[in-house]
Each structure stands twice: as C-alpha cells, then as structure tokens.
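Since the structure comes first, as structure tokens, the remarks are kept for the end.
Number of protein chains: 2
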Amino acid sequence: MLTIGKLSVSTGVKVPTIRYYEQIGLLPEAERSAGNQRLYDRKALERLAFIRHARELGFSLEAIRDLLSLSDNPDQPCSAADAIARAQLIEVESRLARLAALKAELERMVVQCDGNRIADCRVIEVLGDHSLCITDHVTEDAIH
Amino acid sequence: MLTIGKLSVSTGVKVPTIRYYEQIGLLPEAERSAGNQRLYDRKALERLAFIRHARELGFSLEAIRDLLSLSDNPDQPCSAADAIARAQLIEVESRLARLAALKAELERMVVQCDGNRIADCRVIEVLGDHSLCITDHVTEDAIH
DNA sequence: TCTTGAAGCTATAGCAGCTAGAGACATTAA
DNA sequence: TTAATGTCTCTAGCTGCTATAGCTTCAAGA
Chain Y
31 MLTIGKLSVS TGVKVPTIRY YEQIGLLPEA ERSAGNQRLY DRKALERLAF IRHARELGFS
91 LEAIRDLLSL SDNPDQPCSA ADAIARAQLI EVESRLARLA ALKAELERMV VQCDGNRIAD
151 CRVIEVLGDH SLCITDHVTE DAIH
Chain R
31 MLTIGKLSVS TGVKVPTIRY YEQIGLLPEA ERSAGNQRLY DRKALERLAF IRHARELGFS
91 LEAIRDLLSL SDNPDQPCSA ADAIARAQLI EVESRLARLA ALKAELERMV VQCDGNRIAD
151 CRVIEVLGDH SLCITDHVTE DAIH
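Protein sequences appear in the order of chains Y and R. The numbering used here puts the first residue of the first sequence at 31, with every later residue one more than the last. The numbering used here puts the first residue of the second sequence at 31, with every later residue one more than the last.
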C-alpha cells in the first residue's frame with residue numbers, strides 16, 4: 031500500500047492534485063489508515079497513471095471521465111473511445127498549425143528587433159497591426 | 031466613436047471580455063455617452079487590437095501589460111520588448127515539440143482501434159501504460 | 001523511549017482568463 | 001410609438017489546479 035506521497039512520486043502527479051481528483055470523483059475515495067491517511071493500491075496507481083497520461087495528451091478531465099467509464103465496462107465496442115481520441119487528434123492538429131504560424135511571427139519579430147529604440151522596434155508594431163500578420167486567419171481559438 | 035458592440039465586432043474581442051480588460055486595467059476607463067454607455071475612439075481600438083493580437087500569439091495578460099507599458103513610453107531601447115518576444119518564442123517551440131509527439135501518439139491510437147471491443151482496444155491501454163509512449167520525456171508542462 | 005521533522009489531514013481561498021445570468025436602462029428601426 | 005436589440009452593473013461560475021493555515025500522524029535518530 032502506498033501513501034499519497036509515494037503515489038505522487040511514482041506517478042508524477044502532485045499531492046494536492048491527487049486529492050483534487052478524488053474530490054471531483056475522478057479517483058474513488060481512498061482507503062484510510064488507522065490514522066486517517068489515504069492508502070493506495072496498484073489499481074489506484076494504474077488509474078492515476080491513466081489520468082496523468084491522458085492529461086499529458088491534452089484530454090480534458092471530462093473526456094478522461096468518459097474514457098474511464100468506458101474502461102470500467104470493457105465489453106462494448108471501442109468506437110466511443112476511438113471517437114474521443116479522434117476528436118482530440120483534430121484539436122491537436124489545429125493547435126499545431128496555429129502554433130507553427132505563431133512561431134514564424136515571433137521569429138520575425140525577434141529578428142527585426144536588434145537593439146533599437148522602441149519607437150523603431152517592430153515588436154510592438156507587429157502586435158498592433160493585424161495586417162502585418164503572416165497568418166491571415168488566426169481564429170479566436172488561437173488564444174489557447 | 032464606437033459603442034462597445036462595434037468595437038467588439040471590429041476587433042473580434044467579445045463584449046464581456048472588453049469590459050473585463052477595462053476592469054483589470056488593461057484598457058483605460060472608457061468615455062461614456064449621456065446614457066452611460068461606453069464610447070471608444072480609434073486609439074482604444076488600436077490598443078485592443080494590440081491586446082487581441084498578442085493574446086493570439088500566446089502572450090499572457092501580464093506580458094501584454096508589460097508590452098503596453100513599454101509602448102506607452104517608446105524612448106527606450108527595445109531590448110525589454112525583445113526579451114518578452116524571445117521568451118515567448120522559446121515557450122512556443124517547446125509547445126510545438128510536445129504537440130507533435132502528442133499527435134503521433136493519438137494517430138497511433140486511432141489507427142489501432144478499428145471497431146473491436148474495448149477489451150482489445152489500445153486506446154485505453156496506451157493511455158494507461160506510459161512505457162508504450164512514443165515520447166519518453168513528456169514533462170508536466172505538457173498538460174497545457 | 002522520547003523527540004523532532006517530515007508528511008499527512010481538512011477547509012478555505014486564490015489563480016488566469018474569461019463566460020453566463022439576472023434585471024434594469026438606452027438606443028434604433030419600422 | 002413600440003418592439004427589438006444593445007448596453008449597463010453585479011454576481012456567480014467555469015477549468016484545473018495551487019497555496020495557505022492550523023492541525024494530526026508517522027518514522028527515524030539519539
């Protein structure tokens with residue numbers, strides 16, 4: 031049995047975050063020791079690893095909740111899990127494209143700014159003038 | 031003079047967000063009409079466009095606050111603005127790398143899942159088992 | 001065995017960056 | 001003139017944590 035601290039170390043999820051996941055029902059309520067401290071078994075560790083990994087891959091806690099409920103009853107077609115993964119993939123591809131444009135823009139900004147006064151510096155200008163933008167159609171989602 | 035609605039349309043920043051920016055001091059308090067409605071001039075529009083664009087490029091509101099204060103007194107060397115842009119560039123490059131790894135992983139997941147039962151489906155498995163991961167060192171920051 | 005320091009507990013509040021709702025007043029087009 | 005739309009303030013909510021305070025429990029060394 032693991033204490034919350036050991037679980038934290040072995041999954042890379044911070045202690046308050048583990049308690050938070052329990053609080054919002056993503057992890058079941060942990061067993062307690064005589065002194066009221068949480069105790070975790072291997073199953074809990076695996077579930078948390080699952081959550082951690084899914085978070086790293088960009089899944090929202092809600093999507094993870096869905097995936098977990100799928101994996102809790104594994105005798106169905108996996109099309110639902112697949113759909114979630116596909117949706118994530120589309121989202122990720124879009125983020126990638128926007129970030130690539132963003133990178134080009136920032137590189138241009140940095141190159142053009144080499145020690146002049148701000149009045150001559152295009153960092154500010156580029157940020158103020160949308161028409162100078164390399165990417166024509168950055169949408170609102172680009173904000174994330 | 032523009033109403034808040036027109037300003038919203040012409041910048042692509044939502045009305046409540048504009049009010050929020052005023053509230054946190056990113057935009058100065060707007061003039062008011064006789065009927066107490068906010069009115070904006072060209073300068074306000076430009077400032078908001080600046081903010082919008084910077085947000086799209088991934089700058090935090092704090093970084094934007096700094097940039098704005100720089101652009102408000104333009105008679106200094108622009109090294110500070112440059113430093114902010116450079117820091118953003120590094121951050122963006124790191125995000126790009128992580129997203130690329132993530133994309134590969136999701137593609138693998140989607141390919142392997144073609145209508146089987148969940149018990150045979152690797153979407154869940156891949157998410158649970160870190161050792162199956164293509165990226166060996168996804169850090170905690172990958173969560174964003 | 002005692003002690004001390006780390007680790008755990010609960011509860012509450014805070015963070016960024018918005019977004020949504022309620023209920024009242026202002027403006028505009030037909 | 002009337003109806004629809006826009007705007008106002010205020011408050012509360014959202015996601016996904018993170019931090020603080022003040023307490024208890026545990027483990028290891030002297």
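Just so you know, even glycine gets a beta-carbon here, dropped at the ideal spot from N, CA and C. Remember, predicted model here, so these are calculated numbers, not experimental data.
- If only complete runs of 4 or more residues are kept, the segment 41-110 of chain R shows the alpha helix (DSSP H) at 45-53, 72-86, 91-102, in order along the chain.
- The straight-line gap separating the alpha-carbon atoms of E59 of chain R and V122 of chain R is approximately 32 Å.
- Within chain Y, the residues placing a beta-carbon under 7 Å from that of V140 of chain R are D112, A115, R116, L119, ordered along the chain.
- If you draw a straight line from the Cα of R85 of chain R to the Cα of R116 of chain Y, it is about 27 Å long.
- Close to chain R, meaning a Cβ-Cβ distance shorter than 7 Å, are the following residues of the segment 55-78 of chain Y: E76.
- With a cut-off of 8 Å on Cβ pairs, the segment 75-94 of chain R is in contact with the segment 43-59 of chain R, counting three or more such pairs.
- Residues R68, L69 of the same chain have their beta carbon placed closer than 8 Å to that of R62 of chain R, with the five preceding and five following residues left out of the count.
- According to the DSSP secondary-structure assignment, L136 of chain Y is paired through a beta bridge with no residue.
- Taking a C-beta distance under 8 Å as the contact criterion, I114 of chain R and A93 of chain R qualify as a contact pair.
- If you draw a 10 Å sphere on the C-beta of R49 of chain Y, you find fewer than 16 other C-beta atoms in it, and that means exposed.
- Between V43 of chain R and G35 of chain R, the C-beta gap is not smaller than 8 Å, which leaves the two residues out of contact.
- Close to R125 of chain Y, with beta-carbon spacing below 7 Å, are these residues of chain R in chain order: L129.
- Interface with chain R (8 Å Cβ-Cβ cutoff): K36 of chain Y is excluded.
- Around the CB of E76 of chain R, fewer than 16 other CB atoms lie within 10 Å, so the residue is classed as exposed.
- Annotation: M139 of chain Y to L37 of chain Y spans about 44 Å, alpha carbon to alpha carbon.
- Counting other Cβ atoms within 10 Å of its Cβ, S124 of chain R stays below 16 and is therefore classed as exposed.
- At least one C-beta of chain Y is nearer than 8 Å to the C-beta of E137 of chain R.
- Within 7 Å of the CB of L132 of chain Y, the CB atoms of chain R belong to L87, G88, V122, in sequence order along the chain.
- Straight across, the Cα-Cα distance linking L136 of chain R with A110 of chain Y is about 15 Å.
- From the listed residues R:T33, R:S40, R:A130, the smallest Cα separation to G88 of chain Y is found for R:A130.
- Closest option to N66 of chain R, judged by alpha-carbon separation, among R:T33, R:Q118, R:C108, R:D112: R:T33.
- Taking C-alpha positions only, R95 of chain R is separated from D112 of chain R by approximately 15 Å.
- The C-beta separation of K133 of chain Y from L126 of chain R comes to about 6 Å, placing the pair in contact by the 8 Å criterion.
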